[in-house]
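S.K.: Before I ask anything, here is the structure I am working with.
Protein chains in written order, with my numbering: chain S, 150 to 394; chain G, 2 to 597.
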């Protein structure tokens, strides 16, 4: 029996050689169990060693292999050829990020946004290790746990229409991370972080399309985080109106 | 040539590297730290650790218990001074992570919860559901952002260390995106690059786990210690090797063969513990080396299950119920569904042993110092004497934070006591590295890199696997020598400078081959069976008289490594028979009678 084949288009861009990004087609044997990431590895090992893409864990936890698969942001290791076969698959770098090369995007702005929201516990007062752990009930943990599950893959920024228009927008992953710390019972830095939330590029930039939550591979639901903040931010605004500094 | 001066350079930004960076920044905010990683820190392979981190918390547990479990788990090849320091600092460091926000799973009263783990007498494994490494890594990364003295070099690939005048002097980096070289002139360097599981074909490791730091130190004259001890985790998914945490068994999961029989009871781990109950150090809660060996024995007897992804046994979680699986093992459910199409709520998961962890690594003392002044090593890349011949699950995550802190403190003190050397010598040494790198990139070889990588993985599985013979190991040694020869002539088609991953793979393959060679040569000369090193060619027994020793592999450019030995540090626990299940209890009773 003849081998079943599948076509994969990859957006190629090598800044030293290419004037503009262009699609290149590769044909590989179809395998029911092969992930898109494995298909890329096959192409790199067997067909064209010059294709560049990020990857590491291949189990959807390191967040390296985000890319556009037929126009949708996906983790390459978590989607399979069978999800698309017999149709052609088109792989492109994550939307809304500048292209570094091939499927590799520039992550600098995304990383800076994560860093900007003070993503660490700011305790009310320093607690000594000798005093043991903070008491935190399962209910208290449930308030933030979901927002601590972000793997920083960037899919939500590729999905976000607001970030597409305005790169100043703090964006879904960073705002979820902010919510993760603000909702943690051990943290007392909420007021500091709410300044970021309330800023023009904070939550009010979001037009609540909700696509970020749809594409999140870890169920973080950034849209919910942002919606919760809008309620709090509105409260802050009202209080500020009646109690000007 | 851009030369950046710093006090402490840390290569690798996983759990160990991040913890070390924070330790320097906290204790000496005036010292500059260069934190270097070939990926973004949160991509580091710490992220994939699932089960948890060991630290004594329960009243009926003790440091002595943790010490004894670790030393016997390591088949008495552990340095006991290191183990003592480790168990004394474990809980403190896990509590520190808690203060930094790590979402450890809790009991109803809000205190830390712990789960059972293989080879541990009392439950002492802290866990964050089944994403313990993920949460530890993100907590450490996010906390590191607080400290302005930590300057990160994300996606900077370390081409080589710089060492001269009898000490380490820095490192040469390739900025992956820019394709430019940066030279870090450092007073001290901490190596924290993780393991080398990728030398084997089937492993639980990420693609970045390529032994970089091990090989770099090795090439600079620091021996690799105990490299023959490679851990096969008993429960990986067939084909891809993705990890199904030991936490599955800690929560009560069972292993069965093709007849639905719990075969572990036939190998000194029984008697059978009723389904739905767990008994520490019995059956599925035996240590990893033993459980992986049992699989091999069952396979020989024809008791494993044939699948298109190879032979497997079944990890059955069904009796735990959907609610518990969702609470304690949600990631396992997600992974099993995605990669083998099995929902563990309804079906058993097919599993087989896959390479997971390198017990050996860069030789250090109990304080993380190598024999090259100024150079420290921490985490899986290091061999500080903690794990001996077999690591117990959940000791390595704790190792990252206990010895990460130590490495940071030690390196900081070294930096304070040291001055930078004249820059001209750094420039000259760096130029040599750059010339070599340039020559590799522009070599016009013909050998296929992926073919060499694949043949290396296969020969390691065949020769230096779960069970070993002189003949199988010699074959692997010969094959590796051939592959190293072919590596001299590899084809690199991509000559560009921006994010050239083909070139990075080529350098990594060089690191992998050196590490693999150290493993195979250390293995063939250890004529005994101990922990994860099991021979079936007349050396089936442990031989304390001749081999209660650490092996040391010394790099010899162009030749096979030279293997030497060093003493094991024994303080309170004299080598004894290593037993689990009912046999262990009998032994304990025996000892109590004698003491009584």
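Glycine residues also receive a C-beta, built at the ideal position from the N, C-alpha and C atoms. The structure displayed is predicted, hence computed values, not measured ones.
(1) Between the alpha carbons of residue 173/S and residue 160/S, how many angstroms are there, rounded?
(2) Between residue 325/S and chain G, is any beta-carbon pair separated by less than 8 Å?
(3) Under 9 Å Cβ-Cβ, which residues of chain S neighbour residue 46/G?
(4) Kindly indicate if chain G contains any beta-carbon less than 8 Å away from that of residue 166/S.
(5) Could you give the residue range of the alpha helix (DSSP H) that holds residue 34/G?
(6) Which same chain residues end up closer than 7 Å to residue 150/G when comparing Cβ atoms and leaving out the 5 residues on each side of it in sequence?
(7) Three-state secondary structure (DSSP) at residue 101/G?
(8) With residue 276/S as the anchor, note down where its beta strand (DSSP E) starts and where it stops.
(9) On the three-state DSSP scale, how would you describe residue 41/G?
(10) I need the straight-line Cα distance from residue 597/G to residue 585/G, nearest angstrom please.
(11) Using C-beta distances below 8 Å, list every residue in its chain close to residue 545/G, excluding the 5 sequence neighbours before and after it, in chain order.
(12) Can you tell me whether residue 502/G is helix, strand or coil according to DSSP?
(13) Which runs of the alpha helix (DSSP H) fall wholly inside the stretch 161-206 of chain S and span at least 4 residues, in chain order?
(14) In angstroms, rounded to a whole number, what distance separates the CA positions of residue 383/G and residue 347/G?
(15) Which residues, taken in chain order from the stretch 18-45 of chain G, show a beta carbon closer than 9 Å to some beta carbon of chain S?
(16) Using a Cβ-Cβ cut-off of 7 Å (strictly less than) and excluding sequence neighbours within five positions of residue 216/G, which residues of its own chain qualify?
(17) Are the C-beta atoms of residue 287/S and some chain G residue less than 8 Å apart?
(18) Buried or exposed: where does residue 385/G fall if 16 or more other Cβ atoms within 10 Å of its Cβ makes it buried?
(19) Nearest CA to the CA of residue 178/S: which residue from 196/S, 240/S, 200/S, 321/S?
(20) Report the neighbours of residue 97/G on chain S: residues whose CB is nearer than 8 Å to its CB, in chain order.
(21) Considering only C-alpha positions, which residue in the set 317/S, 339/S, 334/S is nearest to residue 327/S?
(22) Looking at C-alpha atoms only, which residue of 208/G, 157/G, 156/G, 172/G is the closest neighbour of residue 163/G?
(23) Which runs of the alpha helix (DSSP H) spanning at least 4 residues fall entirely within the stretch 229-260 of chain G, listed in chain order?
(24) Within 10 Å of its beta-carbon, does residue 595/G have 16 or more other beta-carbons around it, so buried, or fewer, so exposed?
(25) Pair every Cβ in the stretch 2-11 of chain G with every Cβ in the stretch 185-202 of chain G, then say whether three or more of these pairs are closer than 8 Å.
(26) List the DSSP bridge partners of residue 6/G.
(27) Please list the partners that residue 216/S has in chain G, where partner means a Cβ-to-Cβ separation under 7 Å.
(28) With a cut-off of 8 Å, does the C-beta of residue 220/S fall near any C-beta of chain G?
(29) Under the rule that 16 or more other beta-carbon atoms within 10 Å means buried, what is residue 508/G, buried or exposed?
(30) According to the Cβ coordinates, are residue 13/G and residue 208/G closer than 8 Å?
(31) Would you kindly report the start and end of the unbroken alpha helix (DSSP H) that includes residue 217/G?
(32) Beta-carbon of residue 301/S versus every beta-carbon of chain G: anything under 8 Å?
(33) So, at 7 Å on beta carbons, what are the nonlocal neighbours of residue 277/G in its own chain, with the 5 sequence-adjacent residues on each side left out?
(34) To the nearest angstrom, how far is it from the Cα of residue 202/S to the Cα of residue 106/G?
(35) Can the beta-carbon of residue 368/S be found closer than 8 Å to that of residue 302/S?
(36) Based on the DSSP output, what are the partners of residue 313/G in its beta bridges?
M.R.: Taking the definition as stated:
(1) 6 Å
(2) no
(3) 205, 206, 211
(4) yes
(5) Counting along the chain, residue 34/G falls outside any alpha helix (DSSP H), though it belongs to the beta strand (DSSP E) covering 34-37.
(6) 26, 30, 32, 33, 34
(7) coil
(8) It is not in any beta strand (DSSP E) - residue 276/S carries neither H nor E in the DSSP assignment.
(9) coil
(10) Confidence at residue 597/G is low in this model, with a pLDDT of 37, below 50, so its placement is unreliable and no value can be given for it.
(11) 77, 576
(12) helix
(13) 185-191
(14) 41 Å
(15) 40, 41, 43, 44, 45
(16) 512, 515, 516
(17) yes
(18) buried
(19) 196/S
(20) 278
(21) 339/S
(22) 172/G
(23) 248-251
(24) Bear in mind that a pLDDT of 47 at residue 595/G, under 50, signals an unreliable position, so the number given afterwards is only what the model happens to contain. Residue 595/G is exposed by the Cβ-count criterion.
(25) yes
(26) 186/G
(27) What residue 216/S touches in chain G: nothing, since even the nearest Cβ is about 14 Å away.
(28) no
(29) buried
(30) no
(31) 213-220
(32) yes
(33) 253, 320
(34) 35 Å
(35) no
(36) 306/G
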